[in-house]
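Down below is the structure, laid out as structure tokens.
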Amino acid sequence: MTIAITLALAVGSVLLVVCGFAWAARREEVALVRRIERLEVRPLADAVPGELVAVRGRAGASGAFEDPVGAEPALWVDARLVARDRGEELWSLTRGETLRLDDGSGREAIVELVGAEISIAPRDVDEADRAPSERMRALLAGSERAVPDARPGARYAIEHRAIRPGDALGLVGVPSREGDALRFTSADPLHLGPEPLDALVARLRADLRAMDAMLKFGGALGILLLAGGIALVLAS
């Protein structure tokens, strides 16, 4: 009985504390989403350093490298080889630190990718059953990871995301001045991806709804556990 009371009170208290911190973070997120909702896509030439802005342009070719998965030029790559049947990641790679975005307005943006929210959905570029494919074997050989032996029921996939020169991208962030260009970093909210501004807003709203549901469930469970623990104390 004592263990049950202690667990109920401890877990309930922790849940309420965590929900309290999450609620504070939610308030900041709500404020940011409302700021983004009020934005309109503007030319980079009109962007004001230090103010949140939404722009749209094309990724430049400067700094491109060969994508190790697709052997095509890329500015940013995020890829992983996973064993789907057992939920194991066998290999991963994230490469690309900055890119240049040009919207034709006469001003260029330098975007630091580390820490940015890049809203590009992963896609499977290779799948194999029983044993890894030749491309998967090559990736594993380059990482000095042992290639798994063939076995029934095994399923492998390469999940891949990339930004390539010439890709059309939307950007929401807070620029600072760097010569004649603007620099965007993750020191402030930084969203980058092919989706239009209204799609980004809709996704952020959906994230808020999911957070609300989690907070309501966690708070209710925390209160229930505390109430149950107190009831057990009174009954003992």
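Under this note's numbering, think of the first position of the sequence shown as 6, with each following residue one higher. Glycine included, C-beta positions come from ideal geometry on N, C-alpha and C.
For this session: With a 10 Å radius around its C-beta and 16 neighbouring C-beta atoms as the bar for buried, classify Met-219 as buried or exposed.
Result: Locating residue 219 in the sequence shown gives position 214, counting from the first residue. So Met-219 ends up on the exposed side.
For this session: In the DSSP assignment, find the unbroken beta strand (DSSP E) run with Arg-160 in it and report its ends.
Result: Residue numbering aside, residue 160 sits at position 155 when the sequence shown is read from its first letter. Per DSSP, Arg-160 is one residue of the beta strand (DSSP E) stretching across 160 to 168.
Problem set entry | Residues sharing a beta bridge with Glu-93, DSSP | Position 88 of the sequence shown holds residue 93. Answer is Ala-88, bridged to Glu-93.
For this session: State buried or exposed for Asp-108, treating a residue as buried only when at least 16 other CB atoms are found within 10 Å of its CB.
Result: Here residue 108 corresponds to residue number 103 of the sequence shown, with the count starting at 1. Flag for Asp-108 reads buried.
Problem set entry | Separation of Ala-52 from Asp-129, as counted between CA atoms | Translated into the one-based positions of the sequence shown, residue 129 becomes position 124. Translated into the one-based positions of the sequence shown, residue 52 becomes position 47. Each residue's Cα considered, the two are about 37 Å apart.
Exercise. Does DSSP classify Gly-62 as helix, strand or coil?
Worked result: Residue 62 sits at position 57 when you count from the first residue of the sequence shown. Gly-62 falls in the strand class under three-state DSSP.
For this session: Determine the extent of the alpha helix (DSSP H) in which Ala-126 is found, giving its start and end residues.
Result: Here residue 126 corresponds to residue number 121 of the sequence shown, with the count starting at 1. Segment: none, Ala-126 is in no alpha helix (DSSP H) and carries neither H nor E.
Exercise. What are the residues that DSSP puts in a beta bridge with Thr-190?
Worked result: Start at 1 with the first residue of the sequence shown, and residue 190 comes out as number 185. The secondary-structure analysis by DSSP pairs Thr-190 with nothing; it has no beta-bridge partner.
For this session: Identify whether Leu-144 lies in helix, strand or coil by the three-state DSSP scheme.
Result: Here residue 144 is taken as the residue at index 139 of the sequence shown, counted from 1. Under the three-state reduction of DSSP output, Leu-144 falls in the helix class.
For this session: Within its chain, find whatever has a CB closer than 6 Å to the CB of Leu-104; leave out the 5 residues flanking it on each side and keep chain order.
Result: Here residue 104 is taken as the residue at index 99 of the sequence shown, counted from 1. The residues are Ala-64, Leu-80 and Val-116.
Exercise. With DSSP run on the structure shown, which of helix, strand or coil describes Arg-47?
Worked result: The residue labelled residue 47 in the question sits at position 42 within the sequence shown. In this structure, Arg-47 counts as coil in the three-state DSSP scheme.
Problem set entry | Nonlocal neighbours in the same chain, by C-beta distance under 6 Å from Glu-113, ignoring five residues either side | For the purposes of this step, residue 113 is taken as residue 108 along the sequence shown, with counting starting at 1. Within the same chain, and ignoring the five residues on either side of Glu-113 in sequence, the residues whose Cβ sits closer than 6 Å to its Cβ are Arg-105, Asp-107 and Ala-186.
For this session: Alpha carbon to alpha carbon, how far is Leu-205 from Gly-198? Give it in angstroms, no decimals.
Result: Residue numbering aside, residue 198 sits at position 193 when the sequence shown is read from its first letter. Residue numbering aside, residue 205 sits at position 200 when the sequence shown is read from its first letter. Between Gly-198 and Leu-205, the C-alpha separation is close to 9 Å.
Problem set entry | Own chain residues within Cβ distance below 6 Å of Arg-89, not counting five before or after | Along the sequence shown, read from residue 1 onward, the residue named residue 89 stands at position 84. Closer than 6 Å at the Cβ level, and outside the excluded window around Arg-89, lie Arg-160 and Ala-162.
Problem set entry | Separation of Ala-136 from Pro-48, as counted between CA atoms | Locating residue 48 in the sequence shown gives position 43, where the first residue counts as 1. Locating residue 136 in the sequence shown gives position 131, where the first residue counts as 1. Approximately 50 Å between the Cα atoms of the pair.
For this session: Determine the contact status of Gly-62 and Leu-174, defining contact as a CB-CB distance below 8 Å.
Result: As a first step, residue 62 must be located in the sequence shown, where it is residue number 57. As a first step, residue 174 must be located in the sequence shown, where it is residue number 169. A contact, by the Cβ cut-off of 8 Å.
Problem set entry | Reduced DSSP secondary structure (H/G/I, E/B, other) of Ala-76 | Here the question's residue 76 lines up with position 71 in the sequence shown. If DSSP states are grouped into helix, strand and coil, Ala-76 belongs with coil.
Problem set entry | Cα-Cα separation between Ala-84 and Leu-37, rounded to whole angstroms | For the purposes of this step, residue 84 is taken as residue 79 along the sequence shown, with counting starting at 1. For the purposes of this step, residue 37 is taken as residue 32 along the sequence shown, with counting starting at 1. A straight line joining the alpha-carbon of Ala-84 with that of Leu-37 spans about 30 Å.
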